[in-house]
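Read through the structure below, which is laid out as structure tokens, and then see the notes.
Residue numbers (the numbering used here), protein chains in the order written: chain Y, 6 to 252; chain B, 1226 to 1593.
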């Protein structure tokens, strides 16, 4: 038993001759905000899907919340939250109905649903909108709501797949406040992004290039290591070596 | 179980808040049943007919009156010449003509063979055949009236009884077929579209990452649509009894049981479609067009299966709707029980089971 949130050793996903994810190894501590960076097509999403139990690895080993990704997917599912890059709430359900649905799917009791729901709505300042269809909310609000719903069952780890795509910088900052808040409550945050300013907010980041992890450290150490002033420069230094084109 | 109910409730919200779904669910069956029920019939009413009366005697006039009185014919002109027939046929308004030769009545009275000519526009063979049959029947009727006793010895007189549908009401044949068609389209469309929508929206991913088992996702999708399809079935049934004067002679419970089987097989088919399509539009097209054509062709309610080449007959056996149609006809129209339709029921149940298994297996638990 380890108390690492995620461990990976030589994790690989192969589609015929194509190594989408090529022997990656890393560990994520409990309560850490771990940034998972890479250009489009570098293999981020594939790696994340394996960790969430959406696809089986071809080879290698990995544990999530201490459970084996090959054998204990059901256990993993109970201990993680997930927010995809597509907006993933039901637009034709109200804010409260969405909370009830997702909370219900994770087996929360009616009492818990009520409490958690009230707490969440208050925290997001959505009292007025609680009975509105989610489809009518602005994108930034939807995403904050989606994140809050993804952690409503207090998972050990939450996976965020480009959660802030298409959102303005102010809303993005607010979104990150929610992430910090979750991390403070001990939830490990595993987040993919291609906004380099967001990379700076992470405790540690890894950068994937062509299915491999080419760099992994704190943002400060990485800047130093590459003699760069910003994460952007670090990223471009690494991405230049990429052979795969996006998609 | 609680998780399951949460899911089912969500599904009902979706249905009742989406105008398009509601339209398919309740508009489509009503429209189809009325459309098919009234439009699709082989019966011909009030066909225009020309009478050319060269005889002009009592017999020919009595017969003309009888033709005029029947609901099948409207007399276009009763004192026409032979040439008028061709003119009228060319205009296309008139499909049939009756010509009484001179001395028609005399021949009849003198016990000779009285002849009369029936001319029909056979460019549409079915109509022509139907109309001449009607005329023959009227003539036979008349003969019976004027000469009930003076039968020629050794004459064979066929007495026809049209069982189950004495009025030869055309919609009786179609309505069970339309039931199958409508249920098929609604069930496949709604399930496939609702699942593909979740894939498109990205909510399916969230569900698959949750501890909610994929097989429950499938079942939770199927349960609301099963319930709604049953409501549809009841609407169709009421409409066909009230508007189309269909009888329900057999056991209603049996009818519901068979429909449930059929609906489940259609829902499974919808599930299968959702596994192979990616967009709501495609799912809708495949469910509507892809299901409609085979159902219309191979169920037997428009084109008799008996007349099809063997390979096509074999194909038709693969369609659940073909068996459902046979069962509904037997139960509704003939009032038969499970003792007679057990074989068809067994086949339908088998198909349902196979489809359900395949569709649950094919439901992609992993989206990659």
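Glycine residues also receive a C-beta, built at the ideal position from the N, C-alpha and C atoms.
All values reported here derive from a predicted model rather than from experimental measurement.
- Only buried fits residue 1548/B, as 16 or more other CB atoms lie within 10 angstroms of its CB.
- Beta-bridge annotation (DSSP): residue 38/Y is paired with 194/Y.
- Uninterrupted alpha helix (DSSP H) stretches at least 4 residues long and entirely within the region 1455-1503 of chain B occur at 1477-1501, given in chain order.
- With respect to the 8 Å criterion, residue 1499/B and residue 1403/B are not classified as neighbours on the basis of their beta carbons.
- Among the residues of chain Y, those whose CB is under 9 Å from the CB of residue 1242/B are 97, 98 and 138, following chain order.
- Under the DSSP definition of a beta bridge, residue 102/Y lacks any partner.
- For residue 1286/B and residue 1476/B, the gap between their C-alpha atoms comes out near 49 Å.
- Within chain Y, the residues whose beta carbon sits less than 7 Å from that of residue 1435/B are 82, 110 and 111, listed in sequence order.
- Contacts with chain B at 8 Å (Cβ-Cβ) include residue 91/Y.
- Taking C-beta separations shorter than 8 Å and ignoring five residues to either side along the sequence, the partners of residue 221/Y in its chain run 31, 209, 210, 211 and 212, following chain order.
- Of the other Cβ atoms in all chains shown, 16 or more fall within 10 Å of the Cβ of residue 1465/B; this residue is therefore buried.
- The residue among 1333/B, 1545/B and 1398/B with its C-alpha nearest the C-alpha of residue 1369/B is 1333/B.
- Between the region 114-124 of chain Y and the region 51-70 of chain Y, the count of Cβ pairs shorter than 8 Å is below three; the stretches do not touch.
- Against residue 1428/B, the close residues of chain Y are 93 and 95, in the order they occur along the chain (beta-carbon pairs closer than 7 Å).
- In the DSSP assignment, residue 74/Y falls outside any alpha helix (DSSP H), carrying neither H nor E.
- When secondary structure is reduced to three states using DSSP, residue 142/Y falls in the coil class, being assigned neither helix nor strand.
- Bridge pairing for residue 66/Y: 14/Y [DSSP].
- Taking a beta-carbon distance threshold of 8 Å, residue 1231/B counts as an interface residue toward chain Y.
- By the C-beta density criterion, residue 111/Y is buried, having at least 16 other C-beta atoms within 10 angstroms.
- Contact of residue 106/Y with chain B by beta-carbon distance below 7 Å involves 1231 and 1235.
- Residue 47/Y and residue 249/Y have their C-alpha atoms roughly 8 Å apart.
- Secondary structure at residue 1584/B: helix, using DSSP grouped into helix, strand and coil.
- Counting C-beta pairs with one atom in each stretch, the region 1418-1432 of chain B and the region 1527-1541 of chain B have fewer than three that are closer than 8 Å, which means they do not touch.
- Taking a C-beta distance under 8 Å as the contact criterion, residue 194/Y and residue 187/Y qualify as a contact pair.
- Rounded to the nearest whole angstrom, the C-alpha separation of residue 34/Y and residue 1440/B is 34 Å.
- Exclusion of the five residues before and after residue 1442/B leaves 1432 as the residues of its chain whose Cβ lies within less than 7 Å of its Cβ.
- Interface criterion met: the Cβ of residue 57/Y is under 8 Å from a Cβ in chain B.
- Remark: C-beta atoms of residue 1480/B and residue 1557/B approach each other more closely than 8 Å.
- Here residue 1343/B is bridged, per DSSP, to 1323/B.
- Around the Cβ of residue 20/Y, a 10 Å sphere holds fewer than 16 other Cβ atoms; the residue is exposed.
- With a cutoff of 8 Å on beta-carbon distance, residue 157/Y and residue 128/Y are scored as not near each other.
- Fully contained in the region 1234-1273 of chain B are the following alpha helix (DSSP H) runs of length 4 or more, in chain order: 1244-1247 and 1253-1264.
- At a beta-carbon threshold of 8 Å, the residues of chain Y lying near residue 1227/B are 109 and 112, ordered along the chain.
- Nearest CB-CB separation between residue 134/Y and chain B: not below the 8 Å threshold.
- It is roughly 12 Å from the alpha-carbon of residue 232/Y to the alpha-carbon of residue 224/Y.
- DSSP places residue 1301/B inside the beta strand (DSSP E), whose first and last residues are 1298-1302.
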